[in-house]
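These notes concern the structure reproduced below.
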Amino acid sequence: MLNQPQVPDKCPRCGSTQFQLAKIGQYNVISNGGYQSLTKLHDVMVCLCGHTVLIERPQRREDRQSLQNSLEAAQKYRERAGPEQIKAELERDFVTHAEFEALSERVSTLEAFLQQLTDTDQHEGQENGSGDHAK
Ligand SMILES: [Zn+2]
Numbered sequence: 000m001l002n003q004p005q006v007p008d009k010c011p012r013c014g015s016t017q018f019q020l021a022k023i024g025q026y027n028v029i030s031n032g033g034y035q036s037l038t039k040l041h042d043v044m045v046c047l048c049g050h051t052v053l054i055e056r057p058q059r060r061e062d063r064q065s066l067q068n069s070l071e072a073a074q075k076y077r078e079r080a081g082p083e084q085i086k087a088e089l090e091r092d093f094v095t096h097a098e099f100e101a102l103s104e105r106v107s108t109l110e111a112f113l114q115q116l117t118d119t120d121q122h123e124g125q126e127n128g129s130g131d132h133a134k
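Using numbering that gives the first Met the number 0, the first residue of the sequence shown is number 0, and each one after it goes up by one.
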């Protein structure tokens, strides 16, 4: 449990000395599409490696506990998220080069097909037009 506000001189996880100061809290979406915080926002230092350090002591016990739980959950996730999990997530979210090539070929085929249809429509339109003109 955090007893006193403190700014880390270096990240306890990776040793970096550069941080981003961020304000975190719980939010909900309001009717105009914006966000509003449901809780008081608290300062955290976020390291380049993703490690977060709470640098102020929330006044309310529930806030302290909620923040501590969130920081611990995020840290546990990062520790679990090894190369295999990252690879699995990338495979889920991105197409492979072979899949991209196959999709590109399908798009090209569809474009050529649409172009043929457009050309045919224009030809028929011109033929009808010239037919009408000949009358
Ligand atoms: Zn770090």
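We put the beta carbon where it would ideally sit given N, CA and C, even for glycine.
Predicted, not measured: the structure shown is a model, and the values here were computed from it.
C-alpha distance - Glu-71 paired with Thr-117, whole-angstrom precision: 60 Å
Please report the straight-line C-alpha distance between Lys-134 and Leu-102, rounded to a whole angstrom. Any answer about Lys-134 is weak, because its pLDDT of 46 lies below 50 and its placement is not dependable; what the coordinates show is given next. Using only the alpha carbons, I get a separation of about 48 Å.
Under 5 Å from any heavy atom of ligand 1, by CB: list those residues in chain order, please. Cys-10, Arg-12, Cys-13, Ser-15, Cys-46, Cys-48, His-50
C-alpha gap between Gln-35 and Leu-113, whole angstroms: 48 Å
DSSP three-state label for Gln-5, please. coil
Specify the secondary structure class of Val-106 as computed by DSSP and reduced to three states. helix
Distance, Cα to Cα, Ile-23 vs Asn-31? 22 Å
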